[in-house]
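Student: All you need for our numbering is the position in the sequence shown, starting with 1, plus 13. Even for Gly, the Cβ is constructed at its ideal location relative to N, Cα and C.
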Amino acid sequence: MGCWVILCLSVLYFSLSSDADYGDYQVPIPTTLDGPFKPVTVPLDQTFRGNAMDLPHTDPLLQTTAQGFQPQQISLSLSASHHSVSISWITGEFQIGDNIEPLDPDSVASVVRYGRFRRSMSHQATGYSLVYSQLYPFEGLQNYTSGIIHHVRLTGLRPNTLYQYECGDPSLSAMSDVHYFRTMPVSGPKSYPNRIAVVGDLGLSYNTTSTVDHITSNHPDLILLVGDVSYANLYLTNGTGADCYSCAFPNTPIRETYQPRWDYWGRYMQPLISSVPIMIIEGNHDIEPQAENQTFVAYSSRFAFPSEESGSSSTLYYSFNAGGIHFIMLGSSTSYDKSGDQYKWLERDLASLDRAVTPWLVATWHAPWYSTYKAHYREAECMRVEMEDLLYKYGVDIVFNGHVHAYERSNRVYNYTLDPCGPVYITVGDGGNREQMAITHADEPGQCPEPSTTPDDFMGGFCAFNFTSGPAAGNFCWDRQPDYSALRESSFGHGILEVKNETHALWIWHRNRDFYGSAGDEIYIVRQPQNCRQLHDLMY
């Protein structure tokens, strides 16, 4: 990609006014102070469902031009603070079959040369490399071993500065083209990235390409992917795939995957995420069980995470700063009980915050607590029971989730009750994967799931029961769109978060089917910590 285009990705952003422009009439953008809003369901557009078919492996977008040990699948991720980033890439080709021989990760060096834009790349950093395998202890299933995965962490970087870099092994004349990235601004109450793209359940379908095109057109400084990356686990090891794995392959001895889909995903995404950092948290489709009860091996191996820098012992939960925003990335597919490692880490992380430095606190995890769709309804109730009080105590401002393949934004809510001090919950599991979109709501007649369909895999029981108070008392579901649900729509898309200052952030959701720059939903999310006693007591 040309230098000018990369500069546009790194530097430019749309200057949105405080009002939406409809010809000669200016429509004020609402704020959360105007709420709580009356629940709205946008009618399903039956004429447009998008193309949820996966890209075939023969598609030119999934091929690599790298030869020998030249880098491919280059990606960029943040460290816990602005002065460090990680560059990741793969050299060599994967192998899949019965007789595979893993590559030697020490046979190719992990080197990044870098420097400030339009200056010499006189700095050099080295990192480490690894190879992972996906192995199945059943006859007839094909095993997989990856190319050599490299991770190099750059340190001592200046804030809000454009850098250029190349990666690879100079001793083998196997270096990449030059790529560019901009570091995050320094943490502070008046310092924020211009635009943050938020997307979930991306996959690698024709819908995905529309989503990524829209994201690219919005020139983000950072991308949050809230779980479910490649959907390699919708395939058998022989490459046969289906929209519903359990429907098409009910008798497989283990949940199979076709690991090359991860490689295709990395190749497709490289033009964007080699210059715009992407921060990923795991989803259920990333679990991928294999021999010896190993899970999340592809997810944990292919990307770099600031786990150690943020005091976490796991790639499944971590935190980082982006200017005056502190992001908490939580795992909904690992243990979250109060006696477990994740909860204890979360307590430490929240207790260490200085909201004078990072006023905004944003949490993300995959499975939503406040979705009103039938799909995955109240599935993460045990996680909510364990963690909601803690997040409320520390005044989380916004929560981003995926998992449900639709869009939904809540009013401020706590414990299913409208609360001006609760977070705004936003579900963006509408990235475009091949499992199709969610269209049925749990409050529609005859659509309420049975409580017995919501077992918790990590707490070993059930937490979702009939409501004991409020309009839905005695029932498992509301009989109308719940008060806490402000807006819901079944459509593919992504969102953009623009934090303006210590108190105001603009959220815009974009539908794939709309023109670039059009908004399907937009609202200013306004913080009022002085009005929330639980946060006021912590701050003062």
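Measuring CB to CB, does Q303 end up less than 7 Å from L116?
Tutor: Not in contact: Q303 and L116 (Cβ atoms no closer than 7 Å).
Student: In the structure shown, what three-state DSSP assignment does C476 receive?
Tutor: Coil at C476, not helix or strand.
Student: By Cβ distance below 6 Å, which residues in the same chain neighbour V121 in space, the five residues on each side in sequence not counted?
Tutor: Here the set comprises F82, T104, I161 and D182.
Student: Over what stretch of residues does the beta strand (DSSP E) that includes Y157 continue unbroken?
Tutor: Y157 -> beta strand (DSSP E) spans N156 to T158.
Student: Between which residues of its own chain and M292 is the CB-CB distance below 8 Å, once the five residues before and five after are set aside?
Tutor: Counting only Cβ-Cβ distances below 8 Å, and skipping sequence neighbours, we find S90, L91, L235, I236, L237, L238, F333, F340 and M342.
Student: Which class does Q13 belong to by DSSP, given the choice of helix, strand or coil?
Tutor: The requested residue 13 is not part of the displayed model; the chain covers only 14 to 553.
Student: Are three or more beta carbon pairs between the region 418-430 and the region 186-206 nearer than 8 Å?
Tutor: No, they do not touch.
Student: According to DSSP, is Y330 helix, strand or coil?
Tutor: Here Y330 sits in coil by DSSP.
Student: With distances taken from CA atoms, which of G508, P266, Y383 and L249 is nearest N231?
Tutor: With distances taken between Cα atoms, N231 lies closest to G508.
Student: Roughly how many angstroms lie between the CA atoms of P542 and G483, to the nearest whole one?
Tutor: Spanning the two alpha carbons is a distance of roughly 26 Å.
Student: Below 8 Å on the Cβ atoms is my contact criterion, and I expect S423 with Y497 to pass it. Report the Cβ-Cβ distance as a whole number of Å.
Tutor: S423 to Y497, Cβ: 5 Å. Contact.
Student: May I ask you to report which of helix, strand or coil DSSP gives M400?
Tutor: The answer is helix: DSSP assigns M400 an H, G or I state.
Student: Less than 7 Å between the beta carbons of V370 and S200, yes or no?
Tutor: Cβ atoms of V370 and S200: closer than 7 Å.
Student: With H, G and I counted as helix, E and B as strand and the rest as coil, what does DSSP make of A335?
Tutor: DSSP places A335 in strand when its eight states are reduced to three.
Student: Would you mind working out which of E399, R368, L374 and P372 sits nearest W382, comparing C-alpha positions?
Tutor: Ranking E399, R368, L374 and P372 by Cα distance to W382 puts E399 first.
Student: Which of the three DSSP states, helix, strand or coil, is assigned to R129?
Tutor: Strand.
Student: From Y407 to A376, what distance separates their C-alpha atoms?
Tutor: Cα to Cα, Y407 sits roughly 11 Å from A376.
Student: Hey, out of Q137, W373 and S146, whose CA is closest to I113's CA?
Tutor: Taking only the C-alpha atoms, the option nearest I113 is S146.
Student: Going by DSSP in three states, I536 sits in which element: helix, strand or coil?
Tutor: Strand.
Student: Please name the residue, chosen from L431, L75, N264 and N306, that lies closest to Y219 on a Cα-to-Cα basis.
Tutor: With distances taken between Cα atoms, Y219 lies closest to L75.
Student: Can you give me the C-alpha to C-alpha distance between Y35 and I439, rounded to a whole angstrom?
Tutor: Any answer about Y35 is weak, because its pLDDT of 41 lies below 50 and its placement is not dependable; what the coordinates show is given next. Distance between the alpha carbons of Y35 and I439 is about 26 Å.
Student: Check the C-beta distance from S346 over to H389 and give it rounded, since I have them as a contact under 8 Å.
Tutor: With 8 Å as the limit, S346 and H389 do not qualify as a contact, their Cβ atoms being about 13 Å apart.
Student: Do you know how far the Cα of P84 is from the Cα of D119?
Tutor: One C-alpha to the other measures close to 15 Å.
Student: Buried or exposed, going by whether 16 or more other CB atoms sit within 10 Å of the CB of S365?
Tutor: Classification of S365: exposed, given that the 10 Å Cβ count is below 16.
Student: On a Cα-Cα basis, can you pick out the residue from V53, V289, F478 and S327 that is closest to P464?
Tutor: Of the candidates V53, V289, F478 and S327, the one whose C-alpha sits nearest the C-alpha of P464 is F478.
Student: Please classify F505 as buried or exposed, where buried requires at least 16 neighbouring CB atoms within 10 angstroms.
Tutor: Looking at its Cβ environment, which holds 16 or more other Cβ atoms inside 10 Å, F505 is buried.
Student: On the DSSP letters alone, give me the boundaries of the beta strand (DSSP E) that N207 sits inside.
Tutor: From DSSP, N207 is part of no beta strand (DSSP E); its letter is neither H nor E.
Student: Just to confirm, are N270 and G444 a CB contact at a threshold of 7 Å?
Tutor: Note that residue 270 is Thr in the sequence shown, not Asn. Cβ distance not < 7 Å, so T270 and G444 don't count as in contact.
Student: Please state if the CB of Q355 and the CB of V330 are separated by a distance shorter than 7 Å.
Tutor: Reading the sequence as shown, one finds Tyr at residue 330 and not Val. Yes, the pair counts as a contact, with Cβ atoms nearer than the cut-off.
Student: Alpha carbon to alpha carbon, how far is P273 from S259? Give it in angstroms, no decimals.
Tutor: If I take the Cα positions, the gap works out to 20 Å.
Student: According to DSSP, what are the bridge partners of L374?
Tutor: Note: L374 sits in a beta bridge opposite H339.
Student: Just list the beta strand (DSSP E) runs in the region 198-273, keeping only unbroken ones of 3 residues or longer that don't cross its boundaries, in chain order.
Tutor: Fully enclosed beta strand (DSSP E) runs of 3 or longer: 209-212 and 235-238.
Student: Taking the C-alpha atoms as reference points, what is the distance between Q86 and A532?
Tutor: Straight-line Cα distance between these residues: approximately 31 Å.
Student: Can you grab the Cα-Cα spacing for the pair N246 / G353, in whole Å?
Tutor: Those two C-alpha atoms are separated by around 28 Å.
Student: Report back the beta-carbon spacing between E360 and A93 to the nearest angstrom; my notes put them in contact at under 8 Å.
Tutor: Actually they are not in contact, since the Cβ atoms of E360 and A93 sit about 17 Å apart, beyond 8 Å.
Student: Any chance the region 280-300 sits against the region 48-61, with 3 or more Cβ pairs inside 8 Å?
Tutor: No: the two stretches stay apart, fewer than three of their Cβ pairs being nearer than 8 Å.
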